[in-house]
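Quick notes on the structure that follows.
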Amino acid sequence: MLHYLKIWLASVRYSLVRSMMFRGDFIMWSMVEFFWMGVNVAAIAVIYQHTDSIAGWSQFEMLLLVGTSMLIQRLLMGLFWSNLFEMGRNIRTGNFDFFLAQPGHPLFMVSTRKIDLDSLLNVTIALAIVLFSVKKLGISPSWADISVYVVFLGCGLVSSYAMVLLLASVSFWTIGTKGVESGYFTIYEFSRLPKQAFSGVANIIFVWILPAVVISNAPARALISGFSIPDTVWLLTSTFIWLSLGIAVFQAGLRRYSSASS
Amino acid sequence: MRLLIAKYRHVFNVGLQSNIVYRWNFAMRAAYSLIHLAFVFILWSAAYRGETTIGGFSLHQTLTYFISLLVLQFFIGAFNEDYEISEEIRSGLINQFLTKPINYFMYRFTIFVSARLVSGLLALVPLILALPLLSEYLTFPPELWRLTLGLPAAIMSALIQFTIAYIFGMLTFWFLEIQSFVILSMTIETLLGGQVFPLDLLPTVIYRISQFLPYYYQMYFPAAIFTGRIDYDSAVQGLGIQAFWVLALLGLANLLWRKGLEEHTAVGG
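First to last, the sequence lines map onto chains A and B. All residue numbers for the first sequence refer to my numbering, where the first residue is 5 and numbers rise by one. All residue numbers for the second sequence refer to my numbering, where the first residue is 16 and numbers rise by one.
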């Protein structure tokens, strides 16, 4: 375990140095993410000018939901995104070989090679949106509620990671990797909606099958109305299934991988 | 004149063929757009629960607006023209245009028109398939002027979309990487172009200001004319402002091209 922590810290140091080398880039990309979050907040502000509730959620409950969804997404972007995204490219070019020769499990090595500081910087903004919403809602969650929220966030991060890993692992079989980005963003968009807004087929797909709605709704509900056993079971089961699926597909791909000749 | 048309007709044909190669990319993009449309439907249906109108428009009118936006996007939106132009400058491919009697802007614009023809028609396929589901939501106003004013508005929107992408491409003369500029601008375009919510839902003062910005004319304006969100007077007035932006952006694009070429070094090989 200590061994992996040391490897990860080395990656963090490397990413930090790299970000400071390209300062202009770092500032621009931080702004890009900041602006995207602004778009989502503006959307809520405008819609609630004309209505009091979206599927029973008030403006600041909705803002809390969107803030939570952003928090998970920023963490995913900061810690894993570019690593998994590049995995597809590396498989195609054969550069994936290097990861197999590194001193750790290939899954760990490909997932943690670098971190994106701009996304991690924006985690603070997403957190500020969550705290602002909590204040506006006038709720004072107990330490237990906050702990549940943090654990649920972790589950959301793991589920999102698993989904991207699954999409990226498809590269072991196909040549193109374009679907990873659009696939993830299209599905993740639904995490900004309350569960109660869904019905029919959409309910089955986005609420029950894909890890989209559950990962933001469960933590947001935990802060608003406290710990709930059904939500916990729902989120833990979904996280377990998706992580297992992600790892299984990655491992199957790994067994199939035969490098690329130049 | 005939020679000029013949010249760009060839470019158009080449553009058509090379874009048909990417038909699966466009089809995939259209499929993702349909999933996004599901998101829009779920969000707005939930927002309309307990309200008959929002901003004076019914749920069906708002959904018609978003469906029209989707169709327009595939016919007039700029996709990755900025990156393609940037790549042509970086790799030195533009050098060949400097010595030939062909205008680079016209060349790229012709390719853009052929590409949108392909992507637009391809996007219609999944939409037509989904029509039995969508048709109950579609509600268009009957006035004929909406078509006669909406079409020129859509054409000018295409020009604005393309010229903005072209301008970002031109930045490559000065910057190594333009991706962050493009995405930063895309966030503003998404919001002020009316893709997140119809702009008329903005507070009045902000809506008035937005009418003087080019983003308003990128997508919202033609969609709003077609779907009945703006009246005749606003449409006529808007066409004037839109024409101004077309000219201003074309002027800027031309200026950047000329200044850029002064910076540009063509290395032979």
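Think of the CB as a built atom: it goes at the ideal place given N, C-alpha and C, for glycine as much as any other residue.
A straight-line Cα-Cα distance of about 10 Å links arginine 44 of chain B and arginine 38 of chain B. By the criterion of a C-beta distance shorter than 8 Å, valine 211 of chain B is surrounded in its chain by Thr205, once the five residues flanking it on both sides are discounted.
If only complete runs of 4 or more residues are kept, the segment 96-138 of chain A shows the alpha helix (DSSP H) at 101-104, 110-115, in order along the chain.
Rounded to the nearest angstrom, the gap between the Cα atoms of phenylalanine 84 of chain A and leucine 170 of chain A is 13 Å. Between leucine 121 of chain A and the set A/Leu131, A/Arg259, A/Trp33, A/Asn94, the nearest pair of CA atoms involves A/Trp33. Counting only the Cα atoms, serine 73 of chain A lies some 11 Å from leucine 80 of chain A. Under the three-state reduction of DSSP, tryptophan 177 of chain A is assigned to coil, being neither helix nor strand. Segment contact: the segment 133-149 of chain B against the segment 186-201 of chain B, fewer than three CB-CB distances shorter than 8 Å; contact not assigned. For glutamine 53 of chain A, the neighbours in chain B by C-beta distance under 8 Å run, in chain order, Leu216, Pro218. Within 10 angstroms of the beta-carbon of arginine 260 of chain A lie fewer than 16 other beta-carbons, which makes it exposed.
Rounded to the nearest angstrom, the gap between the Cα atoms of isoleucine 251 of chain A and leucine 174 of chain B is 47 Å. With fewer than 16 other Cβ atoms from the protein chains shown falling within 10 Å of its own Cβ, isoleucine 35 of chain B counts as exposed.
Between alanine 130 of chain A and chain B, the shortest Cβ-Cβ separation is not below 9 Å.
Between the segment 131-140 of chain A and the segment 91-101 of chain A, the count of C-beta pairs closer than 8 Å stays below three; the two stretches do not touch.
Against chain A, the beta carbon of isoleucine 57 of chain B has neighbours under 7 Å at Leu197, Ala201, Phe202, Ala206, listed in chain order. The contact set of isoleucine 50 of chain B on chain A, defined by CB atoms closer than 7 Å, consists of Thr190 in chain order.
Restricting attention to B/Gly65, B/Gln176, B/Phe54, the CA atom closest to the CA of serine 195 of chain A is found in B/Phe54.
Put simply, the CB of arginine 17 of chain B is far from chain A, with every gap to its CB atoms at 9 Å or more.
Using a Cβ-Cβ cut-off of 8 Å, threonine 202 of chain B is close to Val36, Phe39, Trp40, Gly42, Val43 of chain A, given in chain order. Beta-bridge annotation (DSSP): tryptophan 61 of chain A is paired with A/Ile58. The Cβ-Cβ distance between glutamine 257 of chain B and alanine 145 of chain B does not fall below 9 Å. In the three-state reduction of the DSSP assignment, isoleucine 69 of chain B falls in the strand class, which pools E and B. Excluding sequence positions up to five before and after arginine 244 of chain B, its CB lies within less than 8 Å of the CB of Phe72, Gln76, Tyr80, Pro213, Asp215, Ala238, all in the same chain and listed in chain order. In this model, methionine 113 of chain A and glycine 208 of chain B are separated by some 42 Å (Cα to Cα). Going by DSSP, asparagine 44 of chain A is part of the alpha helix (DSSP H) stretching over 27-51.
Contact check for leucine 164 of chain B and leucine 254 of chain B: beta-carbon distance about 7 Å, within the 8 Å limit, so the pair qualifies. Arginine 161 of chain B counts as buried, since at least 16 other C-beta atoms from the protein chains shown sit within 10 angstroms of its C-beta. Around the CB of tyrosine 247 of chain B, fewer than 16 other CB atoms lie within 10 Å, so the residue is classed as exposed.
Taking all protein chains in view, the Cβ of glycine 230 of chain A is surrounded by fewer than 16 other Cβ atoms within 10 Å, so the residue is classified as exposed. Below the 7 Å Cβ cutoff, chain B contributes no neighbours of glutamate 90 of chain A, its closest Cβ being approximately 15 Å away. Taking all protein chains in view, the Cβ of lysine 199 of chain A is crowded by 16 or more other Cβ atoms within 10 Å, so the residue is classified as buried.
Glutamine 226 of chain B carries a coil assignment under DSSP once its states are collapsed to helix, strand and coil.
By alpha-carbon distance to serine 173 of chain A, the top candidate from A/Val50, A/Gln255, A/Glu193 is A/Gln255. Straight-line measurement puts the Cα of glycine 42 of chain A at about 10 Å from the Cα of isoleucine 48 of chain A. In the DSSP annotation of this structure, the continuous segment of the alpha helix (DSSP H) that includes glutamate 96 of chain B starts and ends at 96-105. Leucine 264 of chain B places its beta carbon 9 Å or farther from that of threonine 187 of chain B.
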